[in-house]
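**Q** Counting in the working numbering, the sequence shown runs from 121 upward without gaps.
Quick reminder that beta carbons are idealized off the backbone N, C-alpha and C, glycines included.
These numbers come from a predicted model, not from an experiment.
Before I ask anything, let me first share the structure, which is written out below as structure tokens.
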Amino acid sequence: MRMVDLIEKKKSGKELTKEEIHYIIDGYVKEEIPDYQMSAFMMAVYFQGMTSLETAHLTYAMMQSGDVLDLSKIKGIKVDKHSTGGVGDKTSLAVGPIVAACGVPVAKMSGRGLGHTGGTLDKLESIPGFKVNISEEAFIDQVNDIKLAIIGQTRALDPADKKMYALRDVTGTVNSIPLIASSIMSKKLAAGADAILLDVKYGDGAFMKTTADAKVLAETMIAIGKHLGKNTKATISNMNQPLGYAIGNALEVIEAINTLKGQGPEDFTTLCKEEAETMLLMAKAASSREEARAKVEDAISSGQALAAFKAMVKAQGGDETYIDHPEKFPKANYQIEIPARESGYVEDLEALRLGLVSMKLGGGRARKDDVIDHQVGLVLHKKIGDHVEKSESLATVHCNVPLNDALKEDIYKAYHITSEPVTKPQLIEGTLE
Ligand code: URA
Numbered sequence: 121m122r123m124v125d126l127i128e129k130k131k132s133g134k135e136l137t138k139e140e141i142h143y144i145i146d147g148y149v150k151e152e153i154p155d156y157q158m159s160a161f162m163m164a165v166y167f168q169g170m171t172s173l174e175t176a177h178l179t180y181a182m183m184q185s186g187d188v189l190d191l192s193k194i195k196g197i198k199v200d201k202h203s204t205g206g207v208g209d210k211t212s213l214a215v216g217p218i219v220a221a222c223g224v225p226v227a228k229m230s231g232r233g234l235g236h237t238g239g240t241l242d243k244l245e246s247i248p249g250f251k252v253n254i255s256e257e258a259f260i261d262q263v264n265d266i267k268l269a270i271i272g273q274t275r276a277l278d279p280a281d282k283k284m285y286a287l288r289d290v291t292g293t294v295n296s297i298p299l300i301a302s303s304i305m306s307k308k309l310a311a312g313a314d315a316i317l318l319d320v321k322y323g324d325g326a327f328m329k330t331t332a333d334a335k336v337l338a339e340t341m342i343a344i345g346k347h348l349g350k351n352t353k354a355t356i357s358n359m360n361q362p363l364g365y366a367i368g369n370a371l372e373v374i375e376a377i378n379t380l381k382g383q384g385p386e387d388f389t390t391l392c393k394e395e396a397e398t399m400l401l402m403a404k405a406a407s408s409r410e411e412a413r414a415k416v417e418d419a420i421s422s423g424q425a426l427a428a429f430k431a432m433v434k435a436q437g438g439d440e441t442y443i444d445h446p447e448k449f450p451k452a453n454y455q456i457e458i459p460a461r462e463s464g465y466v467e468d469l470e471a472l473r474l475g476l477v478s479m480k481l482g483g484g485r486a487r488k489d490d491v492i493d494h495q496v497g498l499v500l501h502k503k504i505g506d507h508v509e510k511s512e513s514l515a516t517v518h519c520n521v522p523l524n525d526a527l528k529e530d531i532y533k534a535y536h537i538t539s540e541p542v543t544k545p546q547l548i549e550g551t552l553e
């Protein structure tokens with residue numbers, strides 16, 4: 121086999137075989153295929169797409185390029201959850217404990233944030249002492265003991281994806297559905313879960329800008345799951361405004377704690393409950409949505425979901441007193457209100473712009489090795505559909521240096537105010553399977 125012939129084959133829109141795809145991925149990881157040929161190949165995929173079978177073969181080859189976690193020592197059906205990312209997306213922090221409190225094991229490997237979307241690990245590290253790097257053995261023991269662990273990657277999972285993503289980033293091939301779908305699914309499959317729930321977001325603050333694109337990505341990933349025998353479902357949700365009110369690491373942890381106490385924002389709570397219910401159904405811990413809903417409601421109202429979060433924090437070395445007393449999280453030096461310049465209704469609230477403000481305050485990374493400031497971020501007071509009076513605060517900015525005018529103006533630009541009443545947007549489009 122020669123790489124150049126396979127590039128030609130894809131360029132002319134033909135379907136590659138399993139052997140040909142494995143030849144490409146194995147050769148690339150072993151550095152027998154150079155970056156320039158891989159770039160040409162991925163550009164051919166970008167323009168010609170891939171069939172569902174090709175995408176599944178690609179995913180499998182990528183997954184096999186590194187270690188695959190064996191979670192068989194954990195009893196029960198392990199359901200993983202993955203969000204395609206957004207602003208204020210702290211869902212794993214609440215959904216994991218809710219599901220664990222319902223008796224379903226949650227063994228989750230999460231990532232760090234880059235750009236305007238925050239990472240679950242960064243958020244958890246705002247709890248003093250919390251360790252995200254624990255051994256695989258300790259990880260498995262912890263899930264068997266308390267049903268819940270959220271950690272960083274322990275082994276060399278999916279090296280093909282690391283190399284390909286870095287190359288896609290500089291060759292204009294990030295935005296290709298088969299490449300995104302195989303990238304996400306190969307990592308999830310390598311992480312060893314029995315079933316996967318995806319939260320595919322669409323909108324201004326998300327990777328996919330439209331509902332239609334989010335659905336195509338979700339369907340592509342579900343098809344990969346079907347080909348590879350992994351039960352996969354996808355919730356399609358709106359990221360045209362931030363999720364919940366808090367954006368920023370410690371601020372989002374506090375919001376997740378409030379949500380576990382049953383006092384969270386309505387949109388965030390709705391999404392967490394929906395996802396937790398779907399995970400219970402996938403884990404066969406409930407036989408109907410109604411039964412799953414009752415279990416989820418009970419996990420929250422009984423305090424067991426909060427207790428599960430606290431147990432995880434303690435097991436991973438964190439100071440669990442912060443969970444009962446969130447006021448202990450150190451505050452940023454400044455809390456600055458952003459008063460509305462006019463009265464009216466919030467018509468639009470640009471998630472991306474607000475995510476970038478939080479990142480520029482120090483809450484996110486522009487580059488991989490940037491250090492995160494856990495205290496900074498924004499707490500919104502008004503979201504789409506809300507009425508605001510002139511001078512009323514739109515948001516509180518938490519920052520450690522005085523807020524500069526450019527960032528302040530960015531917040532005003534993110535808020536679009538109109539005189540006409542606005543209906544609140546639909547958060548969940550549905551769950552595909
Ligand atoms: N997230 C991933 O993990 N991979 C992509 O290609 C895009 C988003």
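(1) Name the DSSP bridge partner or partners of Ser203?
(2) On the three-state DSSP scale, how would you describe Ala534?
(3) For Lys193, is the classification buried or exposed, using 16 other Cβ atoms within 10 angstroms of its Cβ as the cut-off for buried?
(4) Would you list the residues whose beta-carbon is nearer than 5 Å to any heavy atom of ligand 2, in the order they occur in the chain?
(5) Quick one: give me the first and last residue of the beta strand (DSSP E) that Cys519 is part of.
(6) For Ile153, collect the residues of the same chain with a Cβ closer than 8 Å to its Cβ; drop the 5 residues on either side in sequence, then sort them by chain order.
(7) Out of Ala515, Gln262, Ile270, Gly223, point me to the one whose CA is closest to Gly239's CA.
(8) Taking Gly186 as the reference, which of Cys222, Val207, Lys308 has the closest Cα?
(9) To which residues does DSSP link Lys353 through a beta bridge?
(10) Which one or two residues does DSSP pair with Gly497 in a beta bridge?
(11) Quick check on DSSP: helix, strand or coil for His507?
(12) Can you tell me where the beta strand (DSSP E) holding Glu467 begins and where it ends?
(13) According to DSSP, is Ala334 helix, strand or coil?
(14) Helix, strand or coil for Ala343? Go by DSSP, reduced to three states.
(15) Can you grab the Cα-Cα spacing for the pair Phe429 / Tyr285, in whole Å?
(16) Among residues of its own chain, excluding the 5 on either side of Thr543, which ones have a beta-carbon nearer than 7 Å to its beta-carbon?
(17) How long is the line joining the alpha carbons of Lys131 and Leu299, rounded to whole angstroms?
(18) What did DSSP end up calling Leu268 once you bin it into helix, strand or coil?
(19) Considering only the alpha carbon of each residue, which of Leu474, Glu375, Asn453, Lys393 lies closest to Pro446?
(20) Let me make sure I understand the geometry here. Which of Tyr535, Thr516, Ala258, Thr390 has the alpha-carbon closest to that of Val215?
(21) Go ahead and label Ser539 buried or exposed: buried means 16 or more other beta carbons lie within 10 angstroms of its beta carbon, across all protein chains shown.
(22) At 4 residues or longer, what runs of the alpha helix (DSSP H) sit wholly inside the stretch 132 to 205?
(23) Quick one: give me the first and last residue of the alpha helix (DSSP H) that Met305 is part of.
(24) Below 8 Å between beta carbons: does that hold for Ala425 and Lys415?
(25) So, is Asp209 buried or exposed, given that buried needs 16 or more other C-beta atoms within 10 angstroms?
(26) When DSSP builds the beta bridges, which residues end up paired with Tyr442?
(27) Measure the C-alpha to C-alpha separation of Gln361 and Ser303 and round it to an integer number of angstroms.
(28) Please return the same chain residues whose Cβ sits closer than 7 Å to the Cβ of Thr293, not counting the five positions on each side in sequence.
**A** Concretely, from the data shown:
(1) Asp319
(2) helix
(3) exposed
(4) Only ligand 1 can be found as ligands here, which leaves ligand 2 out of the picture.
(5) 513 to 519
(6) Met123, Ile144, Gly147
(7) Ile270
(8) Lys308
(9) Leu317
(10) His518
(11) strand
(12) 464 to 469
(13) helix
(14) helix
(15) 32 Å
(16) Gly505
(17) 15 Å
(18) strand
(19) Glu375
(20) Thr390
(21) exposed
(22) 138 to 149, 155 to 168, 172 to 183
(23) 297 to 310
(24) no
(25) buried
(26) Answer is none; Tyr442 lacks a bridge partner.
(27) 26 Å
(28) Met162, Met163, Tyr166, Leu299
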